[in-house]
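Here the structure comes first, spelled out in structure tokens, and everything after it is commentary.
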Amino acid sequence: MAEYKLMKGNEALAEAAIQAGCDAYFGYPITPQSEVLEYLAREMPKYDRIVMQAESEVASINMVYGAAGAGFRTMTTSSSPGISLMQEGISYMAGAELPCLIVNVNRAGPGLGTIQPGQGDYFQSVKGGGHGDYKLIVLAPASVQEMADMVFLGFDLADKYRNPVLMLSDGAIGQMMEKVQFKPYDRPVVDKSSWATTGKPKTRKRNYITSLFIQPERMEEHNLKLEEKFKLIRENEVRFEEINTADAEYLFVAYGLSARICQKAMDIAREKGIRIGLFRPITLYPYPYARLNELASQVRMMLSVELNSGQMVEDVRLAVNGKVPVEFYGKMGGMMPTPEDIVHHLETLIQFHHAN
Amino acid sequence: MPTEEQVLPETLQELNKPECHDEEYDMVYHKPHTMVDVHMHYCPGCAHSLVHKLIMEVVEEMDIQEQTIGVAPVGCSVFAYDYMDIDMQEAAHGRACAVATGIKRLMPEKYVFTYQGDGDLAAIGIGETLHAINRGENILIVFMNNAVYGMTSGQMAPTTLPGMHTTTSPDGRDVSYYGAPIKVSELMAQLPGAIYVTRQAVNSANGVRRTKKALQNAFKYQQLKKGTCLVEIIGNCPSNWKMTPLEASKFIDEEMVKTFPLGDIKVPKAAETNNA
Ligand SMILES: Cc1ncc(C[n+]2csc(CCOP(=O)(O)OP(=O)(O)O)c2C)c(N)n1
Ligand code: SF4
Ligand SMILES: [Mg+2]
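Residue numbers (the numbering used here), protein chains in the order written: chain A, -8 to 347; chain B, 27 to 302.
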């Protein structure tokens, strides 16, 4: 049994990257995730791995592109403004089918915003962010343990699908300390020799990494190939967690930090006799539409709780497709709702829907 | 009109392929085997095709095809991987030096080069270029300076000559408005990370020879692991200069070299090159 350690989310993430065999890390300081670069700057050289503070997030993501294109396990992390800067590179990586792990320790925005946690980057993460038709696999941790676990999972999924994976965390989970355990890890064997640019021997054709397909017919062919891949991802990689849904009459839908707050709110509401459950998407792409739609046949109302102005609620509504009312409760600007706030809002909504 | 007995070539490609009967003639010159045997899309008289060939000749002569990885960012030469028979990566506009850093840091024993235009290197990507050189990345930067944005049809570049007409400086580059052309090589040579900086042109037989020599040096210096090599090449872009290839060659001799004088700007100290 691996021992438990008390760690910050950002440090657990960094340690997990080392244990997952991350060959190279490129990053640029930004609060609230600078601990990742600091931890790796200290630890990576001990393992003869590459760690580099780049001159910008634009450079970071393109260094990741180069290293990933040469077949190496590569990661970058940042927070919201830095992730915005990376969008061109992320789009290129998705287009060129390069595996990598990108972590966004989300802070509240827009603009420079604040360094307090937020979930305002949901749309950017799951609906595109960069240009063109592509998808990232998006994982949403709700604990320090998950910030570590999702590094292993993220790298594996990236390799499996040759696609960038984004971990969408937030400033609270990145900064808080919790116990975390590093389980033994079996790294899947992946053969990258058919595409990685490691130098062309006489025995094979040249490998090249590109997202350029100048003829529309070839571009369309490539788009369709990518769509096939995203379909496969949607079919196989949906992950979510359900708590108290078996007898639920109402449902909280929340990811990451807001799911943590909802868990407390659920306990309070249940004590008051409200039969409410919690549905937590773990993958934000692919989104668990099908299961939410099933649950819509069972519950009377869903409440999406987010640290933004209402972004994921649009996906909940898509999933529910009008079967039951889908409401939204959120806080912005790095402000946190208390569990009591949420329960109060829930009670008001129940009364309102009852009256109607 | 072809007669019935004549066998028609299947494709234009085949029709245009120069024939060579090795048994009947002594081959005195051939295209390097490190190049893909296809037609290039470059305009007639364009420097890109020639410089591609020079790089691939050096790779062939040094027998480093298996150890060489190229990076070509957006610009007319983004298709370089269609022509160079080596492993390559396309890069976003301006980001070649960051991509090359990622490759070289993970594979320090390989030869890594970027092939960048002046819009790419001197405008949108000057930050990545400067920092890569400042870190002394052991890469070769081939800098194709044709004083315009070729691929997007001839807009002004940071290297456009004073008074030079482009589609976005229709009355000629106004230095009081846009500043003077950036002398990238002189600027970058200031950085301790740069070990070899030279500016050449390929508009004459001698220039081609000197350029090849510069590329040979630069590939060899990569073995030193002492820093970045920057080979700037004044490139002809007859299409966007609205000139014939011959006029373009003359324009380099008469105008371009006034702003961009040719020759070595920084060479490694003798001691450092001993074991190269
Ligand atoms: C982010 C971004 N901005 C603009 C472009 C459009 N673009 C493509 S190539 C190019 C300029 C190329 O000029 P240069 O680097 O000098 O290369 P040349 O074609 O002259 O060899 C531009 C602006 C792009 N591809 N990406
Ligand atoms: S536009 Fe200029 S740089 Fe581009 S291929 Fe034509 S001549 Fe060469
Ligand atoms: Mg140019």
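Just so you know, even glycine gets a beta-carbon here, dropped at the ideal spot from N, CA and C.
Please tell me whether, using a cut-off of 7 Å, the distance from the CB of residue i to the nearest non-hydrogen atom of ligand 1 is below it.
i: CYS123/B; result: no
i: GLY86/A; result: no
i: THR178/B; result: yes
i: SER288/A; result: no
i: ASN88/B; result: The sequence shown places Met at residue 88/B, not Asn. Not under cutoff, so the answer is no.
i: SER211/B; result: no
i: MET282/B; result: no
i: MET170/B; result: yes
To the nearest whole angstrom, what separates the beta carbons of residue i and residue j, a pair I think is in contact under 8 Å?
i: ALA118/B; j: TYR83/A; result: 5 Å
i: LEU269/A; j: VAL307/A; result: With 8 Å as the limit, LEU269/A and VAL307/A do not qualify as a contact, their Cβ atoms being about 13 Å apart.
i: ASP89/B; j: ALA122/B; result: With 8 Å as the limit, ASP89/B and ALA122/B do not qualify as a contact, their Cβ atoms being about 25 Å apart.
i: ALA126/B; j: ILE165/B; result: 5 Å
i: THR190/A; j: ILE129/B; result: Just to set this straight, residue 190/A is Gly in the shown sequence, not Thr. The pair is not a contact, with the Cβ atoms about 10 Å apart (cut-off 8 Å).
i: VAL244/A; j: MET292/A; result: Not confirmed; about 11 Å, so no contact.
i: GLY289/B; j: ARG225/B; result: 7 Å
i: LYS136/B; j: ILE81/B; result: So it is not a contact: roughly 15 Å between Cβ atoms.
i: ASN154/A; j: GLU212/A; result: Contact doesn't hold; Cβ gap of about 18 Å is too wide.
i: ILE159/B; j: LEU217/B; result: 5 Å
i: VAL334/A; j: VAL315/A; result: VAL334/A to VAL315/A, Cβ: 19 Å. No contact.
i: SER134/A; j: ILE164/A; result: 7 Å
Taking the alpha carbon of residue i as the reference point, which residue from the options has its own alpha carbon closest?
i: VAL201/B; options: LEU213/B, PRO188/B, GLU212/B; result: PRO188/B
i: PHE231/A; options: PHE221/A, ALA281/A, SER202/A, LYS183/A; result: ALA281/A
i: PRO90/A; options: LYS222/A, THR236/A, ASP147/A, MET293/A; result: ASP147/A
i: GLY145/A; options: GLU26/A, LEU31/A, LEU275/A; result: LEU275/A
i: GLU154/B; options: ILE333/A, GLU46/A, GLU218/A; result: GLU46/A
i: ALA98/B; options: HIS74/B, PRO218/B, ALA149/B, GLU83/B; result: HIS74/B
i: VAL180/A; options: LYS126/A, GLY12/A, CYS253/A; result: GLY12/A
i: ALA149/A; options: LEU130/A, GLU137/A, GLY162/A; result: LEU130/A
i: PRO294/B; options: ASP279/B, GLY261/B, TYR247/B; result: TYR247/B
i: GLN254/A; options: LYS222/A, SER295/A, TYR278/A; result: SER295/A
i: LEU217/A; options: ARG266/A, GLU228/A, LYS183/A, LYS126/A; result: LYS126/A
i: ARG209/A; options: ILE81/A, HIS345/A, GLY86/A; result: GLY86/A
i: GLU226/A; options: ASP14/A, GLN206/A, LEU248/A, PRO279/A; result: PRO279/A
i: ARG64/A; options: GLN10/A, LEU159/A, ILE265/A, GLU318/A; result: GLN10/A
i: MET170/B; options: ASN160/B, LEU76/B, GLN91/B; result: LEU76/B
i: GLY101/B; options: LEU203/A, ALA99/A, ASN97/A; result: LEU203/A
i: SER70/A; options: ILE81/A, VAL94/A, LYS(-1)/A; result: VAL94/A
i: GLY313/A; options: ASP332/A, GLU285/A, THR339/A; result: GLU285/A
i: TYR241/A; options: LEU248/A, ALA250/A, ALA260/A; result: ALA260/A
i: GLU48/A; options: ALA59/A, ASP39/A, PRO72/A, GLY62/A; result: PRO72/A
i: GLY162/A; options: TRP186/A, LEU298/A, GLN206/A; result: LEU298/A
Quick check: does the Cβ of residue i come within less than 7 Å of any heavy atom belonging to ligand 2?
i: TYR68/B; result: yes
i: HIS119/B; result: no
i: HIS74/B; result: yes
i: PRO316/A; result: no
i: PRO99/B; result: no
i: SER265/B; result: yes
i: CYS253/A; result: no
i: CYS13/A; result: no
i: CYS102/B; result: yes
DSSP puts residue i in a beta bridge; with which residues?
i: GLY268/A; result: LEU242/A
i: LYS292/B; result: VAL223/B
i: GLY96/B; result: MET114/B, PHE139/B
i: THR274/A; result: LEU130/A
i: ASN95/A; result: SER69/A, LEU159/A
i: ILE81/B; result: Bridge partners of ILE81/B: none, in fact.
i: ILE259/B; result: MET170/B, GLN226/B
i: GLU348/A; result: For chain A, the structure presents residues -8 to 347; residue 348/A sits outside this window and is missing.
i: PHE17/A; result: MET43/A
i: PHE231/A; result: PRO272/A
i: LEU(-3)/A; result: LYS170/A
i: TYR175/B; result: GLN181/B
i: ILE333/A; result: Answer by DSSP bridge pairing: none, since ILE333/A is not bridged.
i: PHE319/A; result: SER295/A
i: THR254/B; result: ALA220/B
i: SER9/B; result: Only positions 27 to 302 of chain B appear in this structure, which leaves residue 9/B out of reach.
i: PRO108/A; result: ARG98/A
i: ILE200/A; result: GLN115/B
i: MET61/B; result: MET110/B
Using 7 Å as the cut-off, classify the Cβ of residue i as near or not near the heavy atoms of ligand 4, replying yes or no.
i: ASN229/B; result: Absent from the structure shown: ligand 4. Ligands present: ligand 1, ligand 2 and ligand 3.
*What residues sit near ligand 3, counting only those whose C-beta is closer than 6 Å to one of its heavy atoms, in chain order?*
GLY143/B, ASP144/B, GLY145/B, ASN172/B, VAL174/B, TYR175/B, GLY176/B, ALA183/B
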